[in-house]
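These protein sequence lines are chains S and B, in that order.
Note that the numbering used here gives residue 340 to position 340 of the first sequence, counting from 1, and the numbers run on in steps of one.
Note that the numbering used here gives residue 310 to position 310 of the second sequence, counting from 1, and the numbers run on in steps of one.
For each residue, glycine too, the CB sits at the ideal point set by N, CA and C.
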Amino acid sequence: MKYLHLVFAALMRRKTRTLFTLFSVLAAFLLFGLLDSVRTFFDQAGSGVAGVDRLITISKVSFTLSLPKSLLQRIQATPGVAKVTYANWFGGIYQDPKNFFANQAVADNFFDLYPERLIPAAQLRAFHDTRTGAVVGEALIQKFHWKIGDKIPLQATIFPQKGGSNTWTFDLVGIYHLADPKLKAQENALFFNWDYFDEARAFGNGNVGWYVTKVADRDRANQVAQAIDALSANSDHETKTQTEQAFTAAFVSQFADIGLIVGAIMGAVFFTLVLLTGNTMAQAVRERIPELAVLKTIGFSNRSVLGLVLSESAALLVLGSLLGLAIAGIIVGGLRGTVGSAIPMHPIDGAIWLRGVLLAVLIGLLVGALPAMRGMRLRIVDALAGR
Amino acid sequence: MLRKIGLFLGAVACIVVPIAVLTVLPWWLLAIFVVLLGCWMAFTRTGTQTWSVTQVGIATIPQRLGSSAVVVVGIAGVVGVLVALLAMGAGFAATLRQTGADDTAIVIRAGAQTELNSVLDHNTATLVAQAPQVLKNAQGDPIASPELVVVASLPKKANGLDANVEIRGIGERAWELRPNVKIIAGRKFGLGLRELIVGKGAAAQFAGLDLGSSLKLNGEQWTVVGEFDSGDANNSDLWGDTAVVGSAYRRGSSTTSVTVRLTDAAAFDAFKAGLASDRRLQVDVFTTRNYYNTQAEGLTRTIRVLGTTVGIIMAIGAVFGALNTMYAAVATRTREIATLRAIGFRAVPVIVSVLLETVLLAVLGGVLGAAIAWALFDNYTASTLGSNFSQVVFAFHVTPELLWNGLKWALAIGVIGGLFPAIRAARMPVTAGLREM
Numbered sequence: 001m002k003y004l005h006l007v008f009a010a011l012m013r014r015k016t017r018t019l020f021t022l023f024s025v026l027a028a029f030l031l032f033g034l035l036d037s038v039r040t041f042f043d044q045a046g047s048g049v050a051g052v053d054r055l056i057t058i059s060k061v062s063f064t065l066s067l068p069k070s071l072l073q074r075i076q077a078t079p080g081v082a083k084v085t086y087a088n089w090f091g092g093i094y095q096d097p098k099n100f101f102a103n104q105a106v107a108d109n110f111f112d113l114y115p116e117r118l119i120p121a122a123q124l125r126a127f128h129d130t131r132t133g134a135v136v137g138e139a140l141i142q143k144f145h146w147k148i149g150d151k152i153p154l155q156a157t158i159f160p161q162k163g164g165s166n167t168w169t170f171d172l173v174g175i176y177h178l179a180d181p182k183l184k185a186q187e188n189a190l191f192f193n194w195d196y197f198d199e200a201r202a203f204g205n206g207n208v209g210w211y212v213t214k215v216a217d218r219d220r221a222n223q224v225a226q227a228i229d230a231l232s233a234n235s236d237h238e239t240k241t242q243t244e245q246a247f248t249a250a251f252v253s254q255f256a257d258i259g260l261i262v263g264a265i266m267g268a269v270f271f272t273l274v275l276l277t278g279n280t281m282a283q284a285v286r287e288r289i290p291e292l293a294v295l296k297t298i299g300f301s302n303r304s305v306l307g308l309v310l311s312e313s314a315a316l317l318v319l320g321s322l323l324g325l326a327i328a329g330i331i332v333g334g335l336r337g338t339v340g341s342a343i344p345m346h347p348i349d350g351a352i353w354l355r356g357v358l359l360a361v362l363i364g365l366l367v368g369a370l371p372a373m374r375g376m377r378l379r380i381v382d383a384l385a386g387r
Numbered sequence: 001m002l003r004k005i006g007l008f009l010g011a012v013a014c015i016v017v018p019i020a021v022l023t024v025l026p027w028w029l030l031a032i033f034v035v036l037l038g039c040w041m042a043f044t045r046t047g048t049q050t051w052s053v054t055q056v057g058i059a060t061i062p063q064r065l066g067s068s069a070v071v072v073v074g075i076a077g078v079v080g081v082l083v084a085l086l087a088m089g090a091g092f093a094a095t096l097r098q099t100g101a102d103d104t105a106i107v108i109r110a111g112a113q114t115e116l117n118s119v120l121d122h123n124t125a126t127l128v129a130q131a132p133q134v135l136k137n138a139q140g141d142p143i144a145s146p147e148l149v150v151v152a153s154l155p156k157k158a159n160g161l162d163a164n165v166e167i168r169g170i171g172e173r174a175w176e177l178r179p180n181v182k183i184i185a186g187r188k189f190g191l192g193l194r195e196l197i198v199g200k201g202a203a204a205q206f207a208g209l210d211l212g213s214s215l216k217l218n219g220e221q222w223t224v225v226g227e228f229d230s231g232d233a234n235n236s237d238l239w240g241d242t243a244v245v246g247s248a249y250r251r252g253s254s255t256t257s258v259t260v261r262l263t264d265a266a267a268f269d270a271f272k273a274g275l276a277s278d279r280r281l282q283v284d285v286f287t288t289r290n291y292y293n294t295q296a297e298g299l300t301r302t303i304r305v306l307g308t309t310v311g312i313i314m315a316i317g318a319v320f321g322a323l324n325t326m327y328a329a330v331a332t333r334t335r336e337i338a339t340l341r342a343i344g345f346r347a348v349p350v351i352v353s354v355l356l357e358t359v360l361l362a363v364l365g366g367v368l369g370a371a372i373a374w375a376l377f378d379n380y381t382a383s384t385l386g387s388n389f390s391q392v393v394f395a396f397h398v399t400p401e402l403l404w405n406g407l408k409w410a411l412a413i414g415v416i417g418g419l420f421p422a423i424r425a426a427r428m429p430v431t432a433g434l435r436e437m
């Protein structure tokens, strides 16, 4: 640490060059922050803290096929099952298809199984008591400037009403939110009463989209899942039951191999960065050969010289990465504030910071290694003579 | 103070102008500019000076190989990533766009947006086919195909995870509607049989769809009897007989859409108006081109935003890399440039030659990046979730337009990265430069 001013002096020797290199490093780590935030979102979509004890039962053939409601009692009676609820995808459109958000018809005990979706008790009661009631996530409320008591018309894409009308109007009676900032994306949804939905829709009555089961003991989740699937084995509506995490992970992986795309981009970026900073460091050391020789002459050991050059490059990279990640944090924060941005992002948290800074140290040591060796190995006499 | 503001504004202009010019620049204008530059260098005094100074600069590149490589590789990275990402969007859009035509129309239930959401009863399908604008074949039957789109979950080859595949029941006339479809292995499915033919893209992405293999859907065994190639989004489908698919998925005689061939593209408006005025029908009508274009919009826009954002950030990094390299290049040539100035060379040749050198390196990087993107990703197949809630298989499409775009980015980075060092070189006081060691 006592050589810190030497490292600083070396960096300040050519301010423009240091500044330009710093900007390049900053750009690379800004990109790293943004992309890693997207990747983390998709990675963790299946592994939220909540939902480890929930199972999702869907039709084995496809998520889009419905299941008979008669399964409800049989799942309820399965050993190890604590609570069961069910829901149906509605796919309604609010004003314009671009305003996409999830909307589902849910059974009246739905929120019991999702305790992380916080809703005032009075509003939940109002939801149960209002046939056409709907509960909406906080984020969606802010996006569309809705308030309790509003009437929300949705255009049905799948389910017309019995008279043939496509317009379903719901009364906004409740607002839920999630305390965990990582799960804020789940606030972009609207839920309404299953009973109203089933009575009013033109077809499909008596069928449900999927079942959600809360298991009594999460360690026995697999056995319970198998027992549920056994209920309908060899029938014409076989089911597939998996944990909510596995279900979400499989669902997300259908969009694209995010990991591959992000990995390829970051590969290109860091390859360039290594070359770029490597070149800067080589130049910096080449220019300073006589100075390094003087240091050695006055008693600096080979190892200190090696350490000085290595810390110089590591310091440059770490500084750049800190600035880049900080800017990425601001941008992600801003983007997540505006709901419904096209690309979902995870907040820049400790894990991303750690990954970024570790990467910076690693690249710093890597690109510093060759110039540092050169500094360590130089012979004082030759260097001072300018040979 | 005023001078500083002027310098700052000048610098901003130096950055904004090249970007603005390059974004709108058509290739022929650039060609004319290059020719003019060539003439200038060949026939005017300043031009010949510039040419000789540039030659010296280029000749010394091998001595600065490491730092010159930074410019080339940095810009290659930007252009490569940009072209690859945009090629993904272009490929997806092209696949869907090819699927549609102006003289075929698709009819779905009013408000349904996509086929998967739609349900049409048997009567509707019959009424649509009987519309006068529907073309009749040699036997006098209307060329209309009532189709039933359902989804099955099958494991993907790449990761073994289940993904959705579209199963499309097609009518007898579907082959006349889609003359581009060729059976490339096996045979067509038999009417009334539980047989499927598999699109080329689906066969490549999903496991267990080889010729002769059987798969279980809703408790019933189906056999894969053929493979087809349509060259468009249908390649992601499995096709079977509408009636059989309907019974397996308990859909009765209902379908999800009717696709018809119109007498000609101009008949569409009359066709649409005719169906809209029929009170027995509640349907939406689109030309298939319009229908598939709409489906491509969302994802294409997302990819364009993503690609441009990543490209801009990488470009900023590359500009600073280029600036570093060129400032260093100018610094090592300080004495040489001062000597040139002392023996009478003007400022313009020095500026232009440094700029040319940077642009040359940038173009080299741009070409390299575009070539790598083309070699690695042209026709690279991928799939994503389409609007029918099932996988759409598409190939990356590295178009000449994208390559040209990439090259323009390289040029912009080169011009910005070279301009400031060039000005520095020209403004250097001659006496101080000559004394420089």
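Segment limits, beta strand (DSSP E) that includes residue i
i, result
"S/Ala87", "81–89"
"S/Thr213", "210–215"
"B/Asp269", "Premise fails: B/Asp269 lies in the alpha helix (DSSP H), 268–277, not in any beta strand (DSSP E)."
"S/His177", "167–178"
"B/Gly80", "First-last for B/Gly80: 65–99, but that is the alpha helix (DSSP H), not the beta strand (DSSP E)."
"B/Gln463", "The requested residue 463 of chain B is not part of the displayed model; chain B covers only 1 to 437."
"S/Ala189", "189–193"
"S/Glu238", "Run containing S/Glu238: none; DSSP gives neither H nor E here."
"B/Ile452", "The requested residue 452 of chain B does not occur in the structure, where chain B is confined to residues 1 to 437."
C-beta neighbour in chain B for residue i, strict 9 Å
i, result
"S/Pro290", "no"
"S/Leu30", "yes"
"S/Pro169", "Note that residue 169 of chain S is Thr in the sequence shown here, rather than Pro. False, the Cβ-Cβ gap to chain B never drops below 9 Å."
"S/Gly164", "yes"
"S/Arg414", "Because chain S spans 1 through 387 in this model, residue 414 of chain S falls outside it and cannot be assessed."
"S/Leu404", "Residue coverage of chain S in this structure runs from 1 to 387, which leaves residue 404 of chain S outside it and unanswerable."
"S/His346", "no"
Residue range of the alpha helix (DSSP H) that includes residue i
i, result
"B/Thr358", "347–377"
"B/Asp210", "It is not in any alpha helix (DSSP H) - B/Asp210 carries neither H nor E in the DSSP assignment."
"B/Pro421", "400–427"
"S/Ser253", "244–253"
"B/Asn293", "288–332"
"B/Ser247", "242–248"
"S/Val274", "258–287"
"B/Ala11", "2–24"
"S/Pro371", "350–377"
Residue i at chain S interface by Cβ criterion, 9 Å
i, result
"B/Ala69", "yes"
"B/Gln221", "no"
"B/Val310", "yes"
"B/Tyr292", "no"
"B/Arg279", "no"
"B/Ala338", "no"
"B/Gln55", "no"
Cβ distance (whole Å) where residue i is taken to contact residue j below 8 Å
i, j, result
"B/Ala144", "B/Ala163", "Between B/Ala163 and B/Ala144 the Cβ distance is about 31 Å, and since that is not below 8 Å, they are no contact."
"B/Leu402", "B/Ala11", "That pair is no contact at about 31 Å."
"S/Ala372", "S/Val309", "4 Å"
"S/Thr239", "S/Ser59", "6 Å"
"B/Ala422", "B/Leu355", "5 Å"
"S/Asn103", "S/Phe90", "5 Å"
>> Residues of the region 112–135 of chain B in Cβ contact with chain S at a cutoff of 9 Å, in chain order, please.
In response: Those residues of the region 112–135 of chain B placed with their C-beta closer than 9 Å to a C-beta in chain S are Ala112, Gln113, Thr114, Leu116, Asn117, Ser118, Val119, ordered along the chain.
> Mind pulling the beta strand (DSSP E) runs of 3 or more residues that sit fully within the region 108–177 of chain B?
Replying inline: Secondary structure remark: continuous beta strand (DSSP E) runs of at least 3 residues inside the region 108–177 of chain B, in chain order: 144–155, 162–170.
>> Residues of the region 307–322 of chain S in Cβ contact with chain B at a cutoff of 8 Å, in chain order, please.
In response: Of all residues in the region 307–322 of chain S, none has a C-beta nearer than 8 Å to a C-beta of chain B.
> For the region 211–238 of chain B, which residues have a CB atom closer than 7 Å to at least one CB atom of chain S, in sequence order?
Replying inline: Per Cβ criterion, the list reads Leu217, Asn218, Gly219.
>> Any C-beta of chain S within less than 7 Å: which residues of the region 306–333 of chain B qualify?
In response: Residues Leu306, Val310, Ile313, Met314, Ile316, Gly317, Phe320, Gly321, Leu323, Asn324, Tyr327, Ala328.
> Taking a cut of 9 Å between CB atoms, which residues from the region 85–98 of chain S lie near chain B?
Replying inline: Against chain B - using a Cβ distance shorter than 9 Å - the residues of the region 85–98 of chain S are Gly91, Ile93, Pro97, Lys98.
>> Give me the subset of the region 145–177 of chain B whose CB atoms are less than 8 Å from a CB atom of chain S, sorted by chain position.
In response: Taking 8 Å as the Cβ-Cβ cut-off against chain S, the residues of the region 145–177 of chain B that qualify are Val150, Val151, Ala152, Ser153, Ala158, Asn159, Leu161, Asp162, Ala163, Asn164.
> Of all the residues that make up the region 409–427 of chain B, which are near chain S by a beta-carbon distance shorter than 8 Å?
Replying inline: Cβ contacts with chain S come from no residue of the region 409–427 of chain B.
> Which of the residues in the region 251–264 of chain S, read from start to end, lie with their CB under 7 Å from any CB of chain B?
Replying inline: Residues passing the 7 Å Cβ filter: Ser253, Gln254, Phe255, Ala256.
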